[in-house]
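Residue numbers (this note's numbering), protein chains in the order written: chain S, 135 to 466; chain F, 684 to 1081; chain A, 678 to 1309.
First the structure, in the form of structure tokens, and then the observations on it.
Listed below in structure tokens is the structure:
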């Protein structure tokens, strides 16, 4: 067991290094740099930019150094906890991201819980009533959430919420609570606004989860021990819940690894449309303007989160299921 | 066996010795009745088909998709107007309803005429219906010219408005006065084929890489697994942004379109590769593989000729489930400004144009392209579900 | 207010009783509590009196808060633009009048003496004196580390800086060898030429004055690269990110970024008063909320903004007008101040030799312009309410001439065809013209991404140019890519907006009409040559463009307004006749949404960055909320 964990941790290191190189490379890939974008935008609005100033800034931030050197400096700084400097906000990256991270985690957590709450009953029902019209109906509803493009659904719900309930447009709370300490009114406002992103992001995730739960459960339900249990008179619900469900929960554990990063990044589009105070719009803007350190560090953070997540779920799975532990590596 | 003729004799008396006059067939036990033969000796494909038919939603979806794909071939015929035909006098016109009865009489499918009125207060174009003017729809008529498959000029359309300037807009018009129905029909072409080409790229990549990893195991497996892990940890959006940014500007829209499909394909192959790999890892130990090796078959032959066909059906099923994500991916790319752009028309482009408050509040018919998107995605999902259930006919579930 | 050459109309000082005028509640409380000095001590001895009546305004009441919605934290610079407190400002007749300055004298167009208001204080109570000008000139503009490229362009006449003199506490003088007509307009710009800085605050960040250890600590705290970077960040007045930086604007920012809501509070030392002696601004607080640009029209339509024009487009009008019924907002239509809503810029520096020759031939450009059916564009997108014209100044500008509007902007495809035939671009069997070397005359028009207006106009223009035998394609690109491409000479024709200074006067710089910047898509390389002083780019080799450049240079050393007007007229005539840019329509309506209780906002106005500073010219410090009690 320990060997398994140690091996996985060790294997994670080269992966992280590879990811960091890829991330850096990808951000640098589009031609130009932050200052070109900055200058172009100002000029497009009819404002003037002093070219001397731009050259000076470029030199200050080391844009005239070779790419490999810039990469090395970045990695070195990150290992020391210095995630770099954002050109757009002119402050350290950690300061820029800081407050938004809480909101991101809040939205993600609530979405995941919402998804599970919906997917579970539907999945179980679907598996036990295969091919019935209610099976089709529920699957249809689940798929509907997947099929409607997120950005459109978010816009429509946002508008309807404003017309019907008077919810202010976009964001996670009314404007007057921004930057204010938490209070009961602020909490209510957040809850009110949280509904739309959670519904939009959550519904697109439920379809996949329903399908997987249904499939896994069906798999288990065909097995001999279930048939035996029923034949021996165990009540149907108990026969369902006591063993088959627990067996198929394996995949939930396996899913944890992939779920958090996918919710964080899948929510980006919705966050842009609704102008949420999460990290999604921040990341997109940073990528588009090539605010290198902000984008790079945040992407590394997301990637690390994924790897840790996968690691945790693999370990959890190994703990839960002895069969996996016994999986011998086969070579040819 | 024939029944013993007559009533039974009294107790104690011997039973008459009965010999059946029928000719003796030594294989009588093993022989199957015609019905049994059909079932037990059915080929794999046949079994799959029966299983598939049980999933009724999948069957309907299959038909629906088949119809859509064939309609791509005759888009120009089905659409009443060309893509570039702008009706300057009919901007932002709401959908016109088709009526059959006018003044109590059956007239055939027609639409009422409309007048144009500009509300000077809100600067809104209004089209109040004029019930005295009847515009009958013409079928199999001459309309906008087009080049059929780029081969020859034609003007033949399924239906058009009455002759002259009056036009028919079943789904309304957009801000440039273009007919939405025609745009959606033309958009079908691009949106449906993007998914197919993307999935082909994904498929090929997934099978080859996953196959190699699964078969050889060892170092190759470890490397491939790490690569897959890396690619799956990379958030997709930055990857798209970067890939879209490096596409040269002077490429024509068609080439950009292919570039996008390849990008979409490059994203999704990891899931497929993983599935292939895990299947191969288990199937590798089967006896028939060992037999093939002993007989001197090359690894390539073993993978492609023996192993893969064993679970090709599973692959096809999961591939079918991935096509919807390609279609959604195309719409998401359009939203981010990275995908197709006008003048190329796809559902993603249409939805992107509908992505603003004016449309949601005032011109909601411009959101109608979402309906075919939903229908196609649902259809592919049901079809995939059905295929997957059918892929293992002896196994009730996946 | 009367305007004489350079001096303000000096009103007699207001009687002391007037200074016992009413104060807003929170200020009055602070005065009683001894936290703020009384009004008489807060205002300069001779504050600027804003007479409401001639401006069509009414004297208002104190109170209320105004919400604005912006799209990014960068946009808080819009508060500086809207507030528009400058040394000299443009009034609504486009005359330069002193604002922060009490009066100014100009001699020979090259010696400027600026007189400050005695007793004028910064927003933290510290006196505003010539020391602040001295600090800027000696320690910032001419300091090698803080201004690597030297002093700002507007401070140079023929490349030479002025001689700065601080005559006394309230008087400074700048003297150049040659006349510098850019100087005063630059002080009045929306993004102004700041020639003063709060010395008392900034000295702690300057190497020459600060305690070295303390400075080092500050640099480390801020994680700045060195003291120069720290000073630059702290000293930024245009984008008011530093809440500790004193200001002269009517409101000062109290929120440090990053934030989603910036709170601007009243500056108790602001130098303007109304005729009753009450200190402006009337409105006490301004909230700047940050939202993504796409939902700003929706938010405005839900009544979440009290004054909004930025990020609203003409096509939002219907939606917003309907929202009037449901929310306490009103919508007016102002006019956009650009020379052309959408303009086509043929790149005279394109690399392709054949195309370069074709584009440089004025007949080709004229033909392109004549083929555009502006009336249809106007009808289709603007309901016929815009003004069809070439890319030139608006009719509200004193330089306007009808001939500029009409230069080659009528719809005359027959003439266009004739011009192209004359040039020798023959049509082939498919009806499309060929270039002299036989290639298809195919034009790729490059435009910015996310601009639906430009894409739509291009759809129509594509058909128009097809009529005259030219095949055109649109290609959308990211902004910086577009700019890079036309600078590199890869772009054939780009789409951009027209002249920024639609409401130009003779005293404003005609730089947009001449090749002076690499950002000009019609002659980027010539512009780069001028910009870098010959180090990069190509010298101008087209006689008419050279003429424009020479005229611009002569404007930069002109002495009198009369001279400048003649130069402008010549330049406009050449610019429009030579069709260096192809304009479409201008004067498009710009929706302005405001809280229905807000007063002193004009019903009709021109919305432009330069010279109007958007709302700046209309003085938002005079806006007030009428809560039913009417004007004072």
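We put the CB at the ideal spot given by N, CA and C, even for glycine.
Keep in mind that this is a model prediction, so the values were computed, not measured.
Supposed close pair residue i, residue j - CB separation, criterion 8 Å
i	j	result
residue 624 (chain A)	residue 1097 (chain A)	In the structure displayed, chain A extends from 678 to 1309; residue 624 (chain A) sits before or after that span and is not available.
residue 790 (chain A)	residue 782 (chain A)	4 Å
residue 959 (chain A)	residue 1299 (chain A)	7 Å
residue 978 (chain A)	residue 991 (chain A)	That belief does not hold up - the Cβ atoms of residue 978 (chain A) and residue 991 (chain A) are roughly 15 Å apart, past 8 Å.
residue 1317 (chain A)	residue 763 (chain A)	Residue 1317 (chain A) lies beyond the residue range present for chain A, which begins at 678 and ends at 1309; the question has no answer from this structure.
residue 947 (chain F)	residue 860 (chain F)	Not really, about 32 Å apart at Cβ, beyond 8 Å.
6 Å Cβ shell around residue i - same chain, five flanking residues per side excluded
i	result
residue 1052 (chain F)	867, 1030, 1033 and 1034
residue 1297 (chain A)	759
residue 407 (chain S)	285, 288 and 289
residue 864 (chain F)	853 and 854
residue 280 (chain S)	338 and 341
Beta-carbon neighbours of residue i, restricted to chain S and to distances below 8 Å
i	result
residue 1060 (chain F)	277, 280 and 281
residue 912 (chain F)	149, 441 and 444
residue 989 (chain F)	Simply none; closest approach about 15 Å.
Beta-carbon proximity check, residue i vs residue j, cutoff 9 Å
i	j	result
residue 1331 (chain A)	residue 1005 (chain A)	Given that chain A is displayed from residue 678 to residue 1309, the structure contains no residue 1331 (chain A) and the question cannot be resolved.
residue 793 (chain A)	residue 848 (chain A)	yes
residue 900 (chain F)	residue 988 (chain F)	no
residue 815 (chain F)	residue 1065 (chain F)	no
residue 480 (chain S)	residue 221 (chain S)	Residue 480 (chain S) lies beyond the stretch modelled for chain S, which goes from 135 to 466, so this question has no answer here.
residue 1013 (chain F)	residue 857 (chain F)	no
residue 1160 (chain A)	residue 1126 (chain A)	no
residue 1066 (chain A)	residue 1260 (chain A)	yes
residue 675 (chain A)	residue 922 (chain A)	Absent from the model: residue 675 (chain A). The displayed extent of chain A is 678 to 1309, so no value can be given.
residue 961 (chain A)	residue 943 (chain A)	yes
residue 164 (chain S)	residue 1000 (chain F)	no
residue 1200 (chain A)	residue 1026 (chain A)	yes
residue 788 (chain F)	residue 821 (chain F)	no
residue 1109 (chain A)	residue 1147 (chain A)	yes
residue 740 (chain A)	residue 702 (chain A)	yes
residue 1205 (chain A)	residue 1137 (chain A)	no
Interface partners of residue i on chain C, CB under 8 Å
i	result
residue 312 (chain S)	Looking at the structure shown, chain C is missing, and the protein chains on hand are S, F and A.
Cβ neighbours of residue i in the same chain (closer than 7 Å, five flanking residues each side left out)
i	result
residue 760 (chain F)	839, 840 and 841
residue 692 (chain A)	Reliability of the predicted coordinates at residue 692 (chain A) is poor, the pLDDT of 47 falling under 50, and the value obtained from them is presented with this limitation in mind. So no residue of the chain qualifies.
residue 463 (chain S)	Its pLDDT being 43, under 50, residue 463 (chain S) is placed unreliably in this model, and the value from its coordinates should be taken loosely. Excluding positions up to five away in sequence, the list is empty.
residue 307 (chain S)	320, 323, 324 and 327
Chain-ordered chain S contacts of residue i [CB-CB under 9 Å]
i	result
residue 1161 (chain A)	165, 166, 170 and 174
Interface residues of chain A facing residue i [CB-CB closer than 7 Å]
i	result
residue 999 (chain F)	Simply none; closest approach about 37 Å.
residue 1044 (chain F)	996
residue 230 (chain S)	935
Amino acids of chain F, ordered along the chain, whose beta-carbon sits closer than 8 Å to that of residue i
i	result
residue 422 (chain S)	924
Listed by chain order, chain S residues near residue i by CB distance under 7 Å
i	result
residue 1038 (chain F)	285, 286 and 289
Spatial neighbours of residue i in its chain, beta-carbon cut-off 8 Å, leaving aside the 5 residues before and after
i	result
residue 786 (chain A)	856, 857, 858, 1235, 1236 and 1237
residue 781 (chain F)	792, 793, 794, 820 and 853
residue 915 (chain A)	754, 757, 868, 869 and 871
residue 245 (chain S)	331, 332, 335, 336, 339, 397 and 401
Chain-ordered neighbours of residue i on chain F, where CB pairs are closer than 7 Å
i	result
residue 1007 (chain A)	Correct list: empty, because the minimum Cβ distance to chain F is about 13 Å.
Under 9 Å by beta carbon: chain A residues contacting residue i
i	result
residue 730 (chain F)	Result: empty, since nearest Cβ-Cβ is about 52 Å, beyond 9 Å.
residue 946 (chain F)	Residues of chain A passing the Cβ test: none, with the nearest at roughly 17 Å.
Chain F residues whose Cβ lies nearer than 9 Å to that of residue i
i	result
residue 942 (chain A)	Here the premise fails: no neighbours, minimum Cβ distance about 32 Å.
Review point. Fully enclosed by the stretch 802-844 of chain A, which alpha helix (DSSP H) runs are 4 residues long or longer?
Key: 807-811
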